[in-house]
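Student:
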Amino acid sequence: MRLLKLVPDNTNFDFMRWRNVALVLSIIVTVASIALVAVRGLNLGVDFVGGQMINVTFSRTAPIEEVRETVEGLNVGDASIQEFGDPKTITIRMGLPDGGDDAAAKVATRVREAIAAKHPDAKFTVDSVSGKVSNELYRSGAISVALAMLGIAIYIWFRFEWQFGVGALVTLFHDVCMTIGFFSLTQLEFNLNVVAAILTIVGYSLNDTVVIYDRIREDLRKYRKMEIVPLLNVSLNETLSRTMVTSLSIMFALLALLLIGPQVIFGLTIAIFLGIFVGTYSSIYISSPILVWLGVSGDSFLPKTSTGSAAKGGERVATPNEGY
Amino acid sequence: MLDFPRWKVWGISLICLIGVLLAVPSLFPAEQVAKWPKWVPSAQINLGLDLAGGSHLLLEADTSGLAKQRLEQMEERLRVGLRRESPPIDIGEISTADNKLTFMVRNPAQVDAAVEFARTQTQPAGLGPRDWNVDVLDQNRIVMTPTQAGLDQALTQAMDTAREVVYNRVDPDGTKEVTVIRQGDTRILVQVPGLEDPEALKTLLGKTARLEFKLVDQTASPEQVAQGRAPVGSQVLPMQGGGAIAVKRRAIVTGDQLIDAKQSYDQNNQPGVSITFDSTGAKAFGRVTRENVNKPFAIILDNVVLSAPNINEPILGGQAQIMGSYTVQTANELAVQLRSGKLPVELRVIEERTIGPELGKESIKWGGIAAGVATLAVILFMLITYGRFGVYATIGLILNALFILGILALFGASLTLPGIAGFVLTIGAAVDANVLINERIREEQRRGRRVLDAIEAGYREASTAIFDANITNVIAAVLMFYFGSGPIRGFAVVLMIGIVTSVFSAVNITRMLVALWARRARPRELHI
């Protein structure tokens, strides 16, 4: 049986040739993302701004107009009422009402009761969050993303060298900016689930980066005399096949969730999907070139090369094109 | 590569067996599992509220109310206590402004005695200072300031009691699988699976349920009451259904002396609540009603007078009935509230999430299908990419999926909707370790190594990358769990479990399978 090989054996792609182009591109997109968030903002869900979101599912096509009239009749402030996913379900979103901490929950109750009285077949999911809680959720979400980035970067710094730690941090920053920028662009709802997705991206984007860094470290010990740029190319080509297979298999899995999974976690899934894509790109074009700019060379790992793989590497000092 | 010790084979097989056994109950319907023999594991995965349907309420205590309440209680204790001293200590100009209690002792010679008495009303707070500071100002003015330590301790106690009370109210029979936990200093989280309509629950929790019986002050003139003024020692309270009435400040009996409360009917078949006092409550009630026959007394709930009936004869048995405009349901709610005791602090709903059970079922269905399709897609991909080694990766993958289910069931962790996403993601990423290994084997073969050497080197060289890559994910997952709330936590739990099990299944299990095959087949060439 002939097995599938996504990357032919003698692939020797000159990734680094495009590094400056990629850098400019990435800077543009990152800046654009930040600008977009600054100008257009995010469509923050009730988790972060407070208020309520009520999903109502009917046993038939949802009577949006009737519901709109019912809600308007309650005089509880502006409500946005939209179809959600399928024609049987609508979502009612309302901002934070004036009043005490429990005002949001009280308004949610009134809306629910009014709709239930007119449409006994309606089923509800209610999310109602007070301003106090939403602020905390926002803060803890931001803190956890920042700490995750920092924690991972520090770990990489300890396991490798400081240049690799900086590279990891910049890569993560790039990926997170891009994902948040995507949410600003599409105005998809940005809620707690999306924060979970971003944390996942932080973890998995680094997955690729770490595997490539691992190989770079190995090759640095192996090909002591080689220039850094061709060496990065060697490492990237050696790991390319693995990068492709893993990224594709995760994408296949996520594609299933995107196409048939529940509507509620669409935001989470699309964020991870995008993150895997961006993460794969950035591990090649951001995290590796940074090592060039930060001056990583064969000497970076010198003190540690007395034992282990370096000794083995020594046995087969060879040109990068050896054997393939 | 070939020397894979026998004990290791047994060890790994045993772990696999346990993992699979733990997962099995979750794959069958609950009714069926209930019929299984006792020795078979039967713990099933706990579905999170978003999948099972139910209500999640986050309650916050009104701490300012608590401080105010403490001041009022201290004021009452001083008024009554100082009057009872011998000789009685006459005080005036009591104020509870600025969160402290100030009063003037009329006779300067009694200041020391008053301070002495005030000190007896304070207690050490924890290991630190006392819960109130007592100071003398301008020679005859006494100031009592609550200390922070005292406030903190009072809050902790109040929250513990509140948690207990909430639990008793939500689940009086202990039959529902409710979760009531304290969160932070001032919050209580209530989760009730299967509850689709949280309104009854919110009404139940929204009342303090402080029950008091007090005598009506008949000396108060209607004009005074209308203006909200009452004679000394009395207070004006609103009546249920409008109006107001003056009652004595001192309570004859309070809800603390209740031993039972249940819904009942009166002679006209109107729903009400029957209550029973303990012996001290019954005695006090008997004495006061005997002394006040033909005078009215007030039944007060949360500072609202429910009714003010006349005492026709002394009430001696320690039994009383609370009537009002109740339905069976509201009478029942009141009975539950009274039985569970009064809430020491007022609680407010600051976060509510309610998910209809049917929507939950829908989510499970599609989430399950998506997880299945994702697994199949990944398996197919592995098979056409790595052939025989893809089969091993697949076996590792399936076992990994079962391990995750088994561990979730074992620890009673809840599977949530984002948890399903975490599961799917883990499936996708779990093969990464195998991809790393297999790619490495391909590489070593290309370098001209012989089959067994290549396999050996593949597993060895890939291990550092596998380790580093997974640690970074663990860091993210741990932080997610620590800082996240609700959905994020559910996701983080699955992710953490998935990372650990996937490393085990992708490295140890496949390695064993490869070793067993290699020993038997002695392959000379390897297609990978």
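Residue numbers (our numbering), protein chains in the order written: chain A, 1 to 324; chain B, 1001 to 1528. From the three backbone atoms N, C-alpha and C, an ideal C-beta is built for every residue, glycine too.
Given 8 angstroms as the limit, is there contact between the stretch 48-60 of chain A and the stretch 119-134 of chain A, that is, 3 or more CB pairs closer than that?
Tutor: yes
Student: Could you tell me the distance, in whole angstroms, from the CA atom of B:Leu-1376 to the CA atom of A:Ser-249?
Tutor: Along the second sequence, one-based indexing puts residue 1376 of chain B at 376. Along the first sequence, one-based indexing puts residue 249 of chain A at 249. Whole-angstrom Cα-Cα distance: 11 angstroms.
Student: Within 10 Å of its beta-carbon, does B:Asp-1050 have 16 or more other beta-carbons around it, so buried, or fewer, so exposed?
Tutor: Along the second sequence, one-based indexing puts residue 1050 of chain B at 50. It is buried - the Cβ of B:Asp-1050 has at least 16 other Cβ atoms within 10 Å.
Student: Taking A:Ala-79 as the reference, give the member of A:Ala-104, A:Asp-86, A:Ile-143, A:Thr-57 with the closest Cα.
Tutor: Here residue 79 of chain A refers to the residue found at position 79 of the first sequence. Ranking A:Ala-104, A:Asp-86, A:Ile-143, A:Thr-57 by Cα distance to A:Ala-79 puts A:Ala-104 first.
Student: Quick check on B:Thr-1175: does DSSP put it in helix, strand or coil?
Tutor: What you label residue 1175 of chain B is simply residue 175 of the second sequence in a count that begins at 1. Taken through DSSP and simplified to helix, strand or coil, B:Thr-1175 comes out as coil.
Student: Could you tell me which chain B residues have their CB closer than 9 angstroms to the CB of A:Glu-238, listed as they occur along the chain?
Tutor: Taking the first residue of the first sequence as 1, we reach residue 238 of chain A at position 238. For A:Glu-238, the chain B residues whose Cβ falls inside 9 angstroms of its Cβ are Glu-1439, Glu-1443, in order along the chain.
Student: Quick one: list the residues of chain A neighbouring B:Val-1378, beta-carbon separation under 8 angstroms, in chain order.
Tutor: Looking up residue 1378 of chain B in the second sequence gives position 378. Think of a sphere of 8 angstroms around the beta carbon of B:Val-1378: the chain A residues whose beta carbon falls inside it are Ser-249, Phe-252, Ala-253, in chain order.
Student: For A:Ile-156, which beta-bridge partners are listed by DSSP?
Tutor: Counted from its first residue, the first sequence places residue 156 of chain A at position 156. The partner list for A:Ile-156 (beta bridge, DSSP) is empty, contrary to what the question assumes.
Student: Taking only beta-carbon positions, decide if A:Ser-235 is within less than 8 angstroms of chain B.
Tutor: Locating residue 235 of chain A in the first sequence gives position 235, counting from the first residue. In terms of beta-carbon proximity, A:Ser-235 stays away from the interface with chain B, with every pair separated by 8 angstroms or more.
Student: Using DSSP with H/G/I as helix, E/B as strand and the rest coil, what is A:Arg-60?
Tutor: Working through the first sequence from its first residue, we reach residue 60 of chain A at position 60. It is coil, neither helix nor strand.
Student: Check whether the Cβ of A:Ser-130 lies closer than 8 angstroms to any Cβ atom in chain B.
Tutor: Your numbering for residue 130 of chain A matches position 130 in the first sequence. With 8 angstroms as the cut-off, A:Ser-130 counts as an interface residue toward chain B.
Student: Restricting to Cα atoms, I'd like to know which of B:Leu-1334, B:Phe-1285, B:Ala-1298 is closest to B:Gly-1272.
Tutor: Counting from one through the second sequence, the residue named residue 1272 of chain B turns up at place 272. Selected option, being the one with the closest Cα: B:Leu-1334.
Student: Would you report the Cα separation of B:Asp-1217 and B:Met-1104, rounded to the nearest angstrom?
Tutor: Stepping through the second sequence from its first residue, residue 1217 of chain B is reached at position 217. Stepping through the second sequence from its first residue, residue 1104 of chain B is reached at position 104. Annotation: B:Asp-1217 to B:Met-1104 spans about 27 angstroms, alpha carbon to alpha carbon.
Student: For B:Pro-1238, collect the residues of the same chain with a Cβ closer than 6 angstroms to its Cβ; drop the 5 residues on either side in sequence, then sort them by chain order.
Tutor: Within the second sequence, the letter at position 238 stands for residue 1238 of chain B. Hits under 6 angstroms: Ala-1244, Val-1304.
Student: Whose CA, out of A:Leu-220, A:Leu-188, A:Leu-192, A:Ser-140, lies closest to the CA of A:Glu-161?
Tutor: Walking along the first sequence from the start, residue 161 of chain A turns up at place 161. If we check each option's Cα against that of A:Glu-161, A:Leu-220 comes out closest.
Student: Since A:Tyr-213 is in the alpha helix (DSSP H), which residue starts that stretch and which ends it?
Tutor: For the purposes of this step, residue 213 of chain A is taken as residue 213 along the first sequence, with counting starting at 1. Where A:Tyr-213 is concerned, the enclosing alpha helix (DSSP H) stretches over 192-222.
Student: If A:Ser-287 and A:Ala-168 are in contact, beta carbons under 8 angstroms, what's the gap, nearest whole angstrom?
Tutor: Your numbering for residue 287 of chain A matches position 287 in the first sequence. Your numbering for residue 168 of chain A matches position 168 in the first sequence. Contact flag correct, Cβ pair sits at about 7 angstroms.
Student: What is the DSSP secondary structure of B:Ile-1528, counted as helix, strand or coil?
Tutor: Working through the second sequence from its first residue, we reach residue 1528 of chain B at position 528. If DSSP states are grouped into helix, strand and coil, B:Ile-1528 belongs with coil.
Student: Name the chain A residues whose beta carbon is nearer than 9 angstroms to that of B:Glu-1199?
Tutor: Stepping through the second sequence from its first residue, residue 1199 of chain B is reached at position 199. Residues of chain A passing the Cβ test: Thr-109, Arg-112, Glu-113.
Student: If the criterion is Cβ atoms closer than 8 angstroms, does the pair B:Ser-1414 and B:Gln-1321 meet it?
Tutor: Position 414 of the second sequence, counting from 1, holds the residue named residue 1414 of chain B. Position 321 of the second sequence, counting from 1, holds the residue named residue 1321 of chain B. Contact: no.
Student: Which one of B:Val-1180, B:Ala-1052, B:Ile-1018, B:Glu-1075 has the shortest CA to CA distance from B:Leu-1059?
Tutor: Taking the first residue of the second sequence as position 1, residue 1059 of chain B is located at position 59. Nearest option by C-alpha distance: B:Val-1180.
Student: Identify the continuous beta strand (DSSP E) that holds A:Lys-123 and give its terminal residues.
Tutor: For the purposes of this step, residue 123 of chain A is identified with residue 123 of the first sequence, where counting begins at 1. A:Lys-123 -> beta strand (DSSP E) spans 123-129.
Student: Taking Cβ positions only, does A:Ser-306 come closer than 8 angstroms to chain B?
Tutor: If you number the first sequence from 1, residue 306 of chain A lands on position 306. With a pLDDT of 45 at A:Ser-306, under the threshold of 50, the modelled position of that residue is not reliable, and no figure is offered here.
Student: According to DSSP, is B:Asp-1260 part of a helix, a strand, or is it coil?
Tutor: In the second sequence, counting from the first residue as 1, residue 1260 of chain B sits at position 260. Shown here, B:Asp-1260 sits in a strand according to DSSP, grouped into three states.
Student: Taking only heavy atoms of the ligand PLP into account, decide whether any of them is closer than 7 angstroms to the Cβ of B:Arg-1353.
Tutor: The ligand PLP is not part of the structure shown, which contains no ligands of any sort.
Student: Tell me which residue opens and which closes the alpha helix (DSSP H) that B:Ile-1437 is part of.
Tutor: Position 437 of the second sequence, counted from the start, is the residue given in the question as residue 1437 of chain B. Run containing B:Ile-1437: 1417-1446, per the alpha helix (DSSP H) assignment.
Student: Give the interface partners of A:Ser-144 over in chain B, defined as CB-CB distance under 7 angstroms, in chain order.
Tutor: Translated into positions along the first sequence, residue 144 of chain A becomes position 144. Per Cβ cutoff of 7 angstroms: Leu-1479, Met-1480, Phe-1483, Gly-1484.
Student: When you check each C-beta in the stretch 257-269 of chain A against every C-beta of chain B, which residues fall closer than 7 angstroms?
Tutor: Leu-257, Ile-260, Gly-261, Pro-262, Val-264, Ile-265, Leu-268, Thr-269
Student: Consult DSSP for B:Ala-1067 and reduce its assignment to one of helix, strand or coil.
Tutor: One-based indexing of the second sequence puts residue 1067 of chain B at position 67. Three-state result, B:Ala-1067: helix.
Student: Could you check what DSSP says for A:Ser-241 in three-state terms: helix, strand or coil?
Tutor: On the first sequence, residue 241 of chain A is found 241 positions in, with the first residue counted as 1. Correct three-state label for A:Ser-241: helix.
Student: Put A:Gly-313 into one of helix, strand or coil per three-state DSSP.
Tutor: In the first sequence, the residue the question calls residue 313 of chain A occupies position 313. Unreliable positioning characterises A:Gly-313 in this predicted model, as indicated by a pLDDT of 41, which lies under 50. The coordinate reading is nonetheless provided below. Helix, per DSSP.
Student: Along chain A, which residues have their Cβ under 8 angstroms away from the Cβ of B:Val-1435?
Tutor: Counted from its first residue, the second sequence places residue 1435 of chain B at position 435. What B:Val-1435 touches in chain A: Arg-242, Val-245, Thr-246, Ser-249.
Student: If you reduce the DSSP assignment to three classes, tell me which class B:Pro-1005 lands in.
Tutor: Residue numbering aside, residue 1005 of chain B sits at position 5 when the second sequence is read from its first letter. Three-state result, B:Pro-1005: coil.
Student: Any beta-carbon of chain B closer than 8 angstroms to the one on A:Asp-14?
Tutor: Reading the first sequence from its first residue, position 14 is the one you call residue 14 of chain A. A:Asp-14 does not count as touching chain B.
Student: Count the C-beta pairs between the stretch 202-221 of chain A and the stretch 1354-1362 of chain B that are closer than 8 angstroms, then say yes if the count reaches three, no if not.
Tutor: In short, these stretches do not touch, since the Cβ pair count stays below three.
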